[in-house]
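Take 0 as the starting number for the sequence shown in numbering that gives the first Met the number 0 and just add one per residue.
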Amino acid sequence: MTVSEELFERSQRVIPGGVNSPVRAFNSVGGTPPFIVDAEGPYVKDADGNQYVDLVGSWGPALLGHRHEAVIEAVHTAVDHGLSFGASTVGETELAETVVDRINRSATNGPAIDQVRLVSTGTEATMTSIRLARGYTGRDKIIKFAGCYHGHVDALLSEAGSGVATLSLPGSAGVTQATTAETIVVPYNDLDAVRTAFEKYPGEIAAVITEAAPCNMGVVTPGPGFNAGLRELTREFGALMIFDEVLTGFRASSAGYWGLTSAEEGGWAPDIYTFGKVIGGGMPIAALGGRREIMEYLAPNGPVYQAGTLSGNPLSVAAGIATLRNATGQVYSAIDRASSHLRQEVGAALDAEGVQHSIQSAGNIFSVAFGTGENGVRNYEDVKASESYRYTAFFHSMLDSGVYMAPSPFEAWFLSAAHDDAAMDRIVSALPAAARAAASSERPR
Ligand SMILES: *Cc1c(COP(=O)(O)O)cnc(C)c1O
């Protein structure tokens, strides 16, 4: 028995499923999740002393790699001043200013964001964003897309991605019918379906919430003009557009996926952005932001209540500021380069074994959809029809070769600025065996 196996037995006694977030479980791929004791740069080490090249990156936050010197130093400095005060600190303002500045520097039609409210998790950010949209518009219904994940908010769990998709669940028990009755789920990349929903419920839809680019059903690239089309439709029907950049924000580019794409789509901007993951560089923090007239609807100045004992926690804020300060242009171009190199190598390895696939990307974020033609996957139905069972063998082969990937075919591959040539070579040399394993996978009955 390995140390991880022993630790997992122990954790399962006192923690449901042995994990504190279902995506960490190995239910869909089988086996025992390694218990991690240490991480540095592009590597993680488990309790048995195995070192892996990490392609999970804490599910996104580790943009600079693990234990980046400046981030660790900033947190140490913050620790020396106390852990939490439940009062205002200048760091919160600095982080909000950084977010506003980064977004507006990429805006081509005047400022896209004026204010930011800091919260502790991405779930809180999206939950608050729909409450704010409802409060602002005085409407109840929201539109979400099948396969998009926005955290474990009751109203947003219908046909959600991430762990909900991995475990093949339609949604979640414990969510009332009354709650989901206000959620309209439509297929991704389908503007006609959005228009039809708006026409069916005139004056009732508060917001459309969408992932900037879906990365929680595997990556699904928004079709050309899809996000801009959502902007036009929401405007036409008087609803808000909530752009969930919790995963893509400050990762796809210095201004997120929006920063990569909005300028060439006419310079549109959403009404509310949500951020998380990279914004805390590994500490719990997230945010929502938008124009002043909308954000001022939040308490204490406005009628939409939102609060948090640990919101804007000084350690999280310090980690976030240091992460964004060090996420320079060179960092993004290094990750972009590594990503396109790896995509090429993955494609070549799978081609060599005759494994039909498509590689879906959203900037430097990508994933592989098995058994799909050149057109790839456009929505959740396509994802569900793909040969995702091939991932199990692929995943275990990579793990055996010392590459730690998400234990689900429906998650993205995350690179960091710390993935140097040595780390990349290790990933690349693991690919042929993994491709062979994927090729010989049998469809489960
Ligand atoms: C991770 C994620 C969330 C939820 O964030 P948590 O911090 O896990 O609550 C929301 N939206 C998207 C797009 C995400 O990827």
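For every residue, glycine included, the Cβ atom is placed at its ideal position computed from N, Cα and C.
**OP:** Please classify W257: does DSSP put it in a helix, a strand, or coil?
**Re:** The residue labelled residue 257 in the question sits at position 258 within the sequence shown. Here W257 sits in helix by DSSP.
Subject >> Straight-line gap, G121 to G90 (C-alpha atoms, nearest Å) >> reply: One-based indexing of the sequence shown puts residue 121 at position 122. One-based indexing of the sequence shown puts residue 90 at position 91. Answer to the nearest angstrom: the Cα atoms are 20 Å apart.
Subject >> contact_flag[the segment 74 to 88, the segment 35 to 42] where n(CB pairs < 8 Å) is 3 or more >> reply: no
**OP:** Just tell me which of T391, W58, R377, Q305 has its CA closest to the CA of V277.
**Re:** Here residue 277 refers to the residue found at position 278 when the sequence shown is read from its first residue. Looking at the Cα atoms, W58 is the closest of the given residues.
Original post:
CB-CB under 6 Å to A433, same chain, minus the five flanking residues each way: which ones, in chain order?
Top reply: In the sequence shown, counting from the first residue as 1, residue 433 sits at position 434. Answer for A433: F393, S396, M397, listed in chain order.
Original post:
Start and end of the beta strand (DSSP E) containing L239?
Top reply: On the sequence shown, position 240 is the one that residue 239 refers to. First-last of the beta strand (DSSP E) with L239: 239 to 244.
**OP:** In angstroms with no decimal places, state the Cα-to-Cα distance between N378 and E181.
**Re:** Within the sequence shown, the letter at position 379 stands for residue 378. Within the sequence shown, the letter at position 182 stands for residue 181. The straight-line gap from Cα to Cα measures roughly 22 Å.
Original post:
Hey, S332 and P283: beta-carbon distance below 9 Å or not?
Top reply: The sequence position of residue 332 within the sequence shown is 333, counting from 1. The sequence position of residue 283 within the sequence shown is 284, counting from 1. Contact: no.
**OP:** Indicate, with yes or no, if ligand 1 has a heavy atom lying under 8 Å from the CB of A124.
**Re:** The residue labelled residue 124 in the question sits at position 125 within the sequence shown. Checking every heavy atom of ligand 1 against the Cβ of A124, one is found closer than 8 Å.
Original post:
CB-CB under 8 Å to A351, same chain, minus the five flanking residues each way: which ones, in chain order?
Top reply: If you number the sequence shown from 1, residue 351 lands on position 352. Counting only Cβ-Cβ distances below 8 Å, and skipping sequence neighbours, we find P431, A434.
Subject >> Secondary structure of E181, DSSP reduced to three states >> reply: Start at 1 with the first residue of the sequence shown, and residue 181 comes out as number 182. Note: E181 maps to coil in three-state DSSP.
Subject >> Beta-carbon contacts of W267 that lie in its chain and below 6 Å, excluding the five residues immediately before and after >> reply: The count along the sequence shown starts at 1 and reaches residue 267 at position 268. Answer for W267: A227, R230, S261, listed in chain order.
Original post:
Any idea which residues DSSP pairs L287 with across the strands?
Top reply: What you label residue 287 is simply residue 288 of the sequence shown in a count that begins at 1. Looking at the DSSP assignment, L287 forms a beta bridge with R116, T273.
Subject >> Own chain partners of V193 with C-beta closer than 7 Å, once the 5 adjacent residues on each side are dropped >> reply: Stepping through the sequence shown from its first residue, residue 193 is reached at position 194. Excluding positions up to five away in sequence, the list reads I142, V185, V207, L229, L232.
Original post:
For ligand 1, which residues have a Cβ under 5 Å from at least one heavy atom, in chain order?
Top reply: T120, G121, T122, H149, G150, E210, D243, V245, L246, G275
Subject >> Euclidean distance between Cα positions of Q50 and Q343 >> reply: Taking the sequence shown and counting its residues from 1, one reaches residue 50 at position 51. Taking the sequence shown and counting its residues from 1, one reaches residue 343 at position 344. Those two C-alpha atoms are separated by around 25 Å.
**OP:** Pull up the distance between the alpha-carbon of E198 and that of A298, whole angstroms please.
**Re:** Counted from its first residue, the sequence shown places residue 198 at position 199. Counted from its first residue, the sequence shown places residue 298 at position 299. Each residue's alpha carbon lies about 32 Å from the other.
Original post:
Taking the Cβ atom as the reference point for each residue, do D45 and S87 lie within a distance shorter than 9 Å?
Top reply: In the sequence shown, the residue the question calls residue 45 occupies position 46. In the sequence shown, the residue the question calls residue 87 occupies position 88. Not in contact: D45 and S87 (Cβ atoms no closer than 9 Å).
Original post:
Under 9 Å between the Cβ atoms of P60 and T322?
Top reply: To locate residue 60, count along the sequence shown from 1; it is residue 61. To locate residue 322, count along the sequence shown from 1; it is residue 323. Yes, Cβ-Cβ distance for P60 and T322 is below 9 Å.
Original post:
In terms of DSSP beta bridges, what is L297 paired with?
Top reply: Stepping through the sequence shown from its first residue, residue 297 is reached at position 298. BP columns for L297 point to V303.
**OP:** In the DSSP assignment, find the unbroken alpha helix (DSSP H) run with F7 in it and report its ends.
**Re:** By 1-based counting over the sequence shown, the position of residue 7 is 8. 2 to 13 is the span of the alpha helix (DSSP H), which, as asked, contains F7.
Original post:
Mapping DSSP to helix, strand and coil, what is E292?
Top reply: Stepping through the sequence shown from its first residue, residue 292 is reached at position 293. Of the three classes helix, strand and coil, the one that applies to E292 here is helix, per DSSP.
Original post:
Using the rule of at least 16 other Cβ atoms within 10 Å of the residue's Cβ for burial, across every protein chain shown, is F84 buried or exposed?
Top reply: Taking the sequence shown and counting its residues from 1, one reaches residue 84 at position 85. When all chains shown are included, F84 counts as exposed.
**OP:** Use the C-beta contact count for I14: other C-beta atoms within 10 angstroms, 16 or more gives buried, fewer gives exposed.
**Re:** By one-based count along the sequence shown, residue 14 stands at place 15. I14 should be labelled exposed.
Original post:
Where does T92 land, buried or exposed, given buried means 16+ other C-beta within 10 angstroms?
Top reply: Here residue 92 is taken as the residue at index 93 of the sequence shown, counted from 1. Label assigned to T92: exposed.
Original post:
Are V115 and L94 closer than 9 Å when you measure CB to CB?
Top reply: Along the sequence shown, one-based indexing puts residue 115 at 116. Along the sequence shown, one-based indexing puts residue 94 at 95. Result yes, Cβ atoms of V115 and L94 sit closer than 9 Å.
Original post:
Rounded to a whole number of angstroms, what is the C-alpha to C-alpha distance between R291 and N26?
Top reply: For the purposes of this step, residue 291 is taken as the residue at position 292 of the sequence shown. For the purposes of this step, residue 26 is taken as the residue at position 27 of the sequence shown. Distance between the alpha carbons of R291 and N26: 44 Å.
Original post:
Hey, V70 and A318 are a contact pair by Cβ (cut 8 Å); roughly how many whole angstroms apart?
Top reply: As a working mapping, residue 70 is identified with position 71 in the sequence shown. As a working mapping, residue 318 is identified with position 319 in the sequence shown. Contact flag correct, Cβ pair sits at about 5 Å.
Original post:
At a cut-off of 8 Å, is P431 close to ligand 3 when judged by its beta-carbon and the heavy atoms of the ligand?
Top reply: In the structure shown, ligand 3 is absent; the only ligands present are ligand 1.
Subject >> Sequence-distant residues of its chain with Cβ nearer than 7 Å to V303 (five each side left out) >> reply: By one-based count along the sequence shown, residue 303 stands at place 304. Within the same chain, V303 has close Cβ partners R130, L131, G134, Y296, L297.
Subject >> For T391, the first and last residue of its enclosing alpha helix (DSSP H) >> reply: Looking up residue 391 in the sequence shown gives position 392. Run containing T391: 389 to 399, per the alpha helix (DSSP H) assignment.
Original post:
If you follow the alpha helix (DSSP H) that I129 is part of, which residue opens it and which one closes it?
Top reply: For this step, residue 129 is matched to residue 130 along the sequence shown. Run containing I129: 121 to 136, per the alpha helix (DSSP H) assignment.
**OP:** Kindly give me the distance between the Cβ atoms of A124 and L341, rounded to whole angstroms, as I take these residues to be in contact under 8 Å.
**Re:** Taking the first residue of the sequence shown as 1, we reach residue 124 at position 125. Taking the first residue of the sequence shown as 1, we reach residue 341 at position 342. Contact flag wrong, Cβ pair sits at about 29 Å.
Original post:
Would T179 pass as a contact of S157 if the rule is Cβ separation under 9 Å?
Top reply: To locate residue 179, count along the sequence shown from 1; it is residue 180. To locate residue 157, count along the sequence shown from 1; it is residue 158. Yes, they are a contact pair.
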